[in-house]
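Per our numbering, numbering of the sequence shown is gapless, rising by one per residue and ending at 586. Think of the CB as a built atom: it goes at the ideal place given N, C-alpha and C, for glycine as much as any other residue. Please read these numbers as outputs of a predicted model, since none were measured by experiment.
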Amino acid sequence: MIGAAAARPWAVALAFALAHLAIVLAALIPTLHSGGDGASYLALAQSLRDGGGYRELWDPAMRPHTQYPPGFPLLLAAAMSVGIKPWVGFKVLVAFFSAAAVGFSFLWARRAAGMRAALGVAGILAISPGVVDQGRWELSDAPFWAMTMLALWAFACPAPPPSAEKTGGEPRAPDRRWMAMAALAAAATLAAYMTRAAGLPLVVGAAAWLAWRRRWTALALLTAIVAPFGVWWALRGRALNAPGYAGFLWYVDPYRPALGRVDAAGLLERMWANVSIYASSHLPSLVIGWIDGRRALVLGAALVLLALSGWVMRVRRPGAAEFWLPLYMGLVLIWPREWAGERFLLPALPVLLVCAAEPVRWAAARMRAPWLAGAAAALIMLLSVPTLRLEVVDARRCQAAYSPSFTHPCLSPEYTDYLDIALEVRGRLPAGSAVLARKPTLFWAESGYRSRVFPFSANPDTLIAAARAAGARYVMLDQMDNVSMLYVGPVLIQRPQAFCVMRALGPARATLLAIVPGAERMPNLRSRPGDEQAEVGFRACGPAYWARGRALPPAPPG
Numbered sequence: 029m030i031g032a033a034a035a036r037p038w039a040v041a042l043a044f045a046l047a048h049l050a051i052v053l054a055a056l057i058p059t060l061h062s063g064g065d066g067a068s069y070l071a072l073a074q075s076l077r078d079g080g081g082y083r084e085l086w087d088p089a090m091r092p093h094t095q096y097p098p099g100f101p102l103l104l105a106a107a108m109s110v111g112i113k114p115w116v117g118f119k120v121l122v123a124f125f126s127a128a129a130v131g132f133s134f135l136w137a138r139r140a141a142g143m144r145a146a147l148g149v150a151g152i153l154a155i156s157p158g159v160v161d162q163g164r165w166e167l168s169d170a171p172f173w174a175m176t177m178l179a180l181w182a183f184a185c186p187a188p189p190p191s192a193e194k195t196g197g198e199p200r201a202p203d204r205r206w207m208a209m210a211a212l213a214a215a216a217t218l219a220a221y222m223t224r225a226a227g228l229p230l231v232v233g234a235a236a237w238l239a240w241r242r243r244w245t246a247l248a249l250l251t252a253i254v255a256p257f258g259v260w261w262a263l264r265g266r267a268l269n270a271p272g273y274a275g276f277l278w279y280v281d282p283y284r285p286a287l288g289r290v291d292a293a294g295l296l297e298r299m300w301a302n303v304s305i306y307a308s309s310h311l312p313s314l315v316i317g318w319i320d321g322r323r324a325l326v327l328g329a330a331l332v333l334l335a336l337s338g339w340v341m342r343v344r345r346p347g348a349a350e351f352w353l354p355l356y357m358g359l360v361l362i363w364p365r366e367w368a369g370e371r372f373l374l375p376a377l378p379v380l381l382v383c384a385a386e387p388v389r390w391a392a393a394r395m396r397a398p399w400l401a402g403a404a405a406a407l408i409m410l411l412s413v414p415t416l417r418l419e420v421v422d423a424r425r426c427q428a429a430y431s432p433s434f435t436h437p438c439l440s441p442e443y444t445d446y447l448d449i450a451l452e453v454r455g456r457l458p459a460g461s462a463v464l465a466r467k468p469t470l471f472w473a474e475s476g477y478r479s480r481v482f483p484f485s486a487n488p489d490t491l492i493a494a495a496r497a498a499g500a501r502y503v504m505l506d507q508m509d510n511v512s513m514l515y516v517g518p519v520l521i522q523r524p525q526a527f528c529v530m531r532a533l534g535p536a537r538a539t540l541l542a543i544v545p546g547a548e549r550m551p552n553l554r555s556r557p558g559d560e561q562a563e564v565g566f567r568a569c570g571p572a573y574w575a576r577g578r579a580l581p582p583a584p585p586g
């Protein structure tokens with residue numbers, strides 16, 4: 029029977045988790061995530077649920093998927109099997125994982141740094157606007173964070189002396205309990221790795237820590253549990269000749285492949301640029317929400333310097349977390365800057381906060397000011413409140429605006445245009461149609477038509493050949509970022525007679541075009557443009573491009 033002293037930490041963890049869950053649900057935004065990953069997970073989950081294997085339902089070829097590990101899609105497939113539906117149902121499910129992550133972060137911090145530090149860390153995590161924001165989207169980040177913290181907490185269980193593994197006879201009770209925790213840690217490590225490819229540093233870090241501590245039985249258990257999936261996933265990707273995520277790491281810019289691969293000097297430059305952007309923007313935004321440049325830089329730099337100092341202090345007697353942190357942060361720092369964001373810091377934030385608390389506690393002991401660390405945590409929490417309040421107010425406004433006829437509230441106009449066109453053409457294109465688009469998973473999710481990203485080339489022949497290879501008759505021009513205008517825009521300017529307009533929302537807004545027959549034989553009427561803009565006229569597409577009787581007007585009145 030668990031005594032009151034043993035039950036108390038779990039009760040505190042549950043209180044923090046429930047408080048965080050209530051905040052996340054209050055800040056829930058009902059529309060889908062605009063990044064496209066959520067729609068990718070939906071497609072993969074549907075493929076698994078329907079017995080079609082792990083395939084990209086959004087792609088015209090329905091290719092086997094090799095980029096995201098199948099853990100989160102498997103979770104969503106199971107959720108859909110019991111009646112949970114996108115997008116709100118998925119968001120609520122992820123919110124529970126975010127709450128669990130806060131609870132496990134408290135339990136790990138208590139084992140790693142004591143009750144006082146754990147209370148401060150959990151309090152910050154529970155109400156940090158950036159953490160709340162990451163917990164309200166239908167993405168894998170919160171489940172990955174929860175699995176990571178569960179693994180770190182289980183690895184932090186006090187272990188018996190190394191010699192205990194060599195004793196004969198039945199294992200003593202403490203040994204049996206620790207091996208049970210080691211099995212839990214290994215299972216959570218596997219779950220993290222299956223959820224995100226970024227779980228690999230946890231596998232390597234945990235294995236290195238167990239080897240350093242000479243926990244050979246636990247290391248063998250970790251290997252036996254994690255290795256089969258890791259080997260299968262690697263061999264599957266190789267058999268399908270797919271690069272996965274790692275293939276994009278070495279581009280100078282993943283959106284400009286013509287720039288080539290990054291060299292050693294370029295990689296160091298990227299890492300320094302990422303240190304700057306994470307310290308001056310993403311880390312402070314994750315902790316207390318959006319603030320202006322100078323205050324963000326001061327807070328971010330202070331947290332980074334404190335965390336680095338604290339890690340050096342803690343690495344004298346390291347746990348699995350101290351082995352894992354530099355490996356994970358190294359991966360974050362070599363990631364292309366174009367993909368940097370708060371979400372990648374989420375699983376590391378509890379460890380960073382515990383490390384940052386270490387020099388503060390040291391200073392408090394020297395100054396005989398035991399209240400110093402608690403005051404620092406309270407100040408951070410106080411600074412979080414205004415942004416958190418705005419998040420909840422904005423979310424309530426989005427919830428009130430959401431309806432079957434207005435399903436994209438609180439997205440930027442550029443994303444709303446893109447999704448509105450996709451929704452408008454649902455059921456209006458001929459059966460089996462496919463579209464080249466900037467975010468193909470989003471287009472598929474809203475339109476029901478398969479889609480593939482257009483080639484990152486401004487050569488008309490390249491785009492048209494890619495469309496023919498995909499069986500795509502349509503191409504989407506959008507304003508979500510500069511990628512569509514960088515590649516599709518110049519193609520339209522050079523060869524306007526190869527396209528006609530299906531649906532246009534107005535000047536400098538999203539437009540769906542069709543590729544006319546014989547487009548590859550038509551001449552370029554203009555040379556490839558530079559930065560200048562050009563007025564180009566396009567004819568409207570005829571009935572042959574629409575499903576019978578389902579045409580839309582190419583442009584709104586006026």
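Residue range of the unbroken alpha helix (DSSP H) whose run includes residue i
| i | result |
| --- | --- |
| residue 449 | 441-452 |
| residue 144 | 143-155 |
| residue 504 | No alpha helix (DSSP H) contains residue 504, which is instead part of the beta strand (DSSP E) from 502-505. |
| residue 370 | 370-373 |
| residue 203 | 201-223 |
| residue 470 | 468-475 |
| residue 171 | 169-183 |
| residue 313 | 311-316 |
| residue 75 | 65-77 |
| residue 587 | Residue 587 falls outside the range modelled here, since the chain spans only 29 to 586, and no answer is possible. |
| residue 510 | 510-522 |
Three-state secondary structure assigned by DSSP to residue i
| i | result |
| --- | --- |
| residue 541 | strand |
| residue 5 | Absent from the model: residue 5. The displayed extent of the chain is 29 to 586, so no value can be given. |
| residue 277 | helix |
| residue 528 | strand |
| residue 192 | A caution first: residue 192 carries a pLDDT of 45, below 50, which makes its placement in the model too unreliable to give a value. |
| residue 566 | coil |
| residue 92 | strand |
| residue 323 | helix |
| residue 431 | strand |
| residue 496 | helix |
| residue 83 | strand |
| residue 424 | helix |
| residue 342 | helix |
| residue 36 | helix |
| residue 456 | coil |
| residue 284 | coil |
| residue 289 | strand |
Neighbourhood of residue i by C-beta, 7 Å cutoff - its chain only, sequence neighbours within 5 removed
| i | result |
| --- | --- |
| residue 61 | 165, 166, 167 |
| residue 512 | 466, 505, 506 |
| residue 148 | 385, 401, 402, 405 |
| residue 129 | 170, 173, 174, 177 |
| residue 437 | 59, 426, 429, 430 |
Where the beta strand (DSSP E) through residue i begins and ends
| i | result |
| --- | --- |
| residue 465 | 462-465 |
Beta-carbon proximity list for residue i, same chain, < 6 Å, skipping 5 on both sides
| i | result |
| --- | --- |
| residue 64 | 467, 469, 470 |
| residue 481 | 468 |
| residue 159 | 153 |
| residue 335 | 380, 383, 384 |
| residue 105 | 73, 76, 77 |
| residue 246 | 210, 238 |
| residue 187 | 206 |
Residue closest to residue i, alpha-carbon to alpha-carbon, out of the options
| i | options | result |
| --- | --- | --- |
| residue 420 | 54, 475, 36, 39 | 54 |
| residue 327 | 337, 314, 338, 339 | 314 |
| residue 312 | 490, 298, 389, 329 | 329 |
| residue 140 | 544, 276, 494, 384 | 384 |
| residue 555 | 486, 319, 572 | 486 |
| residue 57 | 451, 463, 422, 352 | 422 |
| residue 239 | 183, 226, 292, 289 | 183 |
| residue 243 | 206, 218, 215, 269 | 206 |
| residue 573 | 504, 456, 509 | 456 |
| residue 458 | 502, 495, 484 | 502 |
| residue 254 | 264, 277, 213, 291 | 213 |
| residue 294 | 496, 96, 363 | 363 |
| residue 538 | 551, 525, 509, 557 | 509 |
| residue 524 | 514, 548, 144 | 548 |
| residue 268 | 122, 322, 333, 82 | 82 |
Cβ neighbours of residue i in the same chain (closer than 8 Å, five flanking residues each side left out)
| i | result |
| --- | --- |
| residue 543 | 492, 495, 500, 501, 502, 503, 526, 527 |
Minimum Cβ-Cβ distance from residue i to chain C less than 9 Å
| i | result |
| --- | --- |
| residue 120 | Protein chains in the displayed structure number just one, and chain C is not present. |
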